[in-house]
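Residue numbers (our numbering), protein chains in the order written: chain W, 22 to 213; chain A, 22 to 213. By construction, the Cβ of each residue, glycine as well, lies at the ideal position given by its N, Cα and C atoms. Bear in mind the structure is a predicted one, so any value in this text is a computation, not a measurement. Heads up: the structure comes next, in structure tokens.
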DNA sequence: GACCATACGGAACTATGATTCCGTTTGTCA
DNA sequence: TGACAAACGGAATCATAGTTCCGTATGGTC
């Protein structure tokens with residue numbers, strides 16, 4: 022596959038098993054605590070020792086990046102699915118935003134990543150974000166062609182608005198309702 | 022003034038001078054680095070020792086809270102001024118949002134406070150936020166009575182949207198333009 | 001201008017949490 | 001099943017940054 026002759030010595034069975042356990046445990050811990058999650062917690066919840074976590078991921082940043090990367094991958098999937106949906110184009114786009122927001126809602130680490138916390142995480146997800154951008158571009162063009170989306174906004178405005186919604190998700194104030202924020206953001210994109 | 026007979030032994034001249042220097046220095050450091058600013062830096066920039074910083078503020082949280090509180094006070098001032106402005110009510114409100122955003126823009130600590138980082142800071146500014154809420158309420162009512170603001174939004178939506186704009190301000194991505202985000206947020210409040 | 005409470009400076013202390021190290025255990029393969 | 005490399009566990013280490021302590025300096029007052 023790769024031109025650089027990657028040596029992949031094939032993991033031992035227990036190592037492969039632990040790799041999964043760590044990703045699963047880490048997802049829970051980072052989802053709950055965001056970037057301030059502790060590696061000891063990840064190890065405990067995953068049912069392995071800290072040393073094992075570090076054997077699989079060189080740093081906390083690297084582990085978090087992998088988790089966020091996988092989530093962004095799933096955004097790409099839901100967005101691509103929307104390309105095949107037959108509906109009013111602006112509503113299709115709005116539904117993608119709603120669907121992806123629901124995925125983000127339970128995960129503090131992803132919220133923080135959307136908000137730009139941590140250069141490594143941001144850069145480590147460049148490929149996924151780029152793919153997401155392409156799909157969004159297509160959805161936006163359809164909606165603008167249909168005349169139901171403002172012509173003076175672009176696909177690049179969507180992550181910016183989502184970043185704002187994520188800030189609301191993470192906020193403790195009871196009066197802040199991210200679903201409401203999202204609907205306002207969607208409305209701001211709607212043609213008048 | 023106070024019913025609890027506060028003993029205020031009158032600060033020595035050098036202490037009063039240092040108090041100002043610390044607030045001034047801390048403003049710079051927290052504005053640049055947000056909550057992750059270091060007390061050693063605050064001391065150095067202020068031109069005093071760390072011990073002196075702690076003589077004036079018991080904890081880092083307390084210092085940060087005081088800074089944020091003062092900024093929120095200035096929001097109350099600009100918002101109150103707007104009550105006296107004679108103009109189209111929705112545009113008056115939008116201008117308050119623009120003006121206050123410009124004040125926030127240079128200050129990472131205030132951005133983070135708006136985004137709900139730090140329980141003590143949030144609670145320590147309750148009075149100012151409450152005053153701000155009252156003034157906003159009045160501005161919103163005027164705009165809604167004029168029919169230029171959506172009737173199904175409220176004053177409480179404004180800090181939520183501002184929270185989102187603050188997230189954009191703090192974001193490193195070059196494509197994120199908080200002034201653009203703000204205009205979209207304002208548009209989402211506009212009557213159709 | 002001497003006294004002394006107030007205030008200062010910054011080295012030392014402490015807590016927290018990421019990362020490393022190494023003795024032990026376990027899969028794999030002959 | 002014996003050998004050995006791969007992988008594990010978790011105590012120990014290291015780094016960072018908030019906070020405390022105490023010897024020294026200074027403003028206010030008689």
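Using a threshold of 9 Å, state whether the C-beta atoms of residue i and residue j are closer than that.
i                     : j                     : result
residue 20 (chain A)  : residue 168 (chain A) : Look at the range of chain A in this structure, 22 to 213, and you will see that residue 20 (chain A) is not part of it.
residue 181 (chain A) : residue 125 (chain A) : no
residue 61 (chain A)  : residue 69 (chain A)  : no
residue 146 (chain A) : residue 86 (chain A)  : yes
residue 58 (chain A)  : residue 134 (chain A) : no
residue 184 (chain A) : residue 136 (chain A) : yes
residue 96 (chain W)  : residue 164 (chain W) : no
residue 176 (chain W) : residue 188 (chain A) : no
residue 122 (chain A) : residue 200 (chain A) : yes
Run the CB neighbour count on residue i, radius 10 Å, all protein chains shown included, and call it buried at 16 or more, exposed below.
i                     : result
residue 171 (chain W) : buried
residue 48 (chain W)  : buried
residue 140 (chain A) : exposed
residue 106 (chain W) : exposed
residue 104 (chain A) : exposed
residue 150 (chain A) : buried
residue 46 (chain W)  : buried
residue 35 (chain A)  : exposed
residue 31 (chain W)  : exposed
residue 166 (chain W) : exposed
residue 155 (chain W) : exposed
residue 178 (chain A) : buried
residue 157 (chain W) : buried
Quick one: what does DSSP say residue i is sitting in, helix, strand or coil?
i                     : result
residue 85 (chain W)  : helix
residue 22 (chain A)  : Confidence at residue 22 (chain A) is low in this model, with a pLDDT of 43, below 50, so the placement of that residue should be treated as unreliable; the coordinate-derived value is given next. The answer is coil: DSSP assigns residue 22 (chain A) none of H, G, I, E or B.
residue 195 (chain A) : coil
residue 201 (chain A) : helix
residue 62 (chain A)  : helix
residue 176 (chain A) : coil
residue 51 (chain A)  : helix
residue 110 (chain W) : helix
residue 93 (chain W)  : helix
residue 163 (chain A) : helix
residue 32 (chain A)  : coil
residue 98 (chain A)  : helix
residue 74 (chain A)  : helix
residue 136 (chain A) : coil
residue 189 (chain A) : helix
residue 145 (chain A) : helix
residue 69 (chain W)  : coil
Per DSSP, residue i forms a beta bridge with which residues?
i                     : result
residue 170 (chain W) : W:211
Is any heavy atom in the ligand ATP found nearer than 8 Å to the beta carbon of residue i?
i                     : result
residue 165 (chain A) : The ligand ATP is not among the ligands present in this structure, which contains no ligands whatsoever.
To the nearest whole angstrom, what separates the beta carbons of residue i and residue j, a pair I think is in contact under 8 Å?
i                     : j                     : result
residue 160 (chain A) : residue 210 (chain A) : Actually they do not touch by this definition, with Cβ atoms about 11 Å apart.
residue 94 (chain A)  : residue 142 (chain A) : Residue 94 (chain A) to residue 142 (chain A), Cβ: 14 Å. No contact.
residue 92 (chain A)  : residue 116 (chain A) : That pair is no contact at about 18 Å.
residue 65 (chain A)  : residue 99 (chain A)  : Going by Cβ atoms, the distance from residue 65 (chain A) to residue 99 (chain A) rounds to 32 Å, so no, they are not a contact pair.
residue 43 (chain W)  : residue 74 (chain W)  : 6 Å
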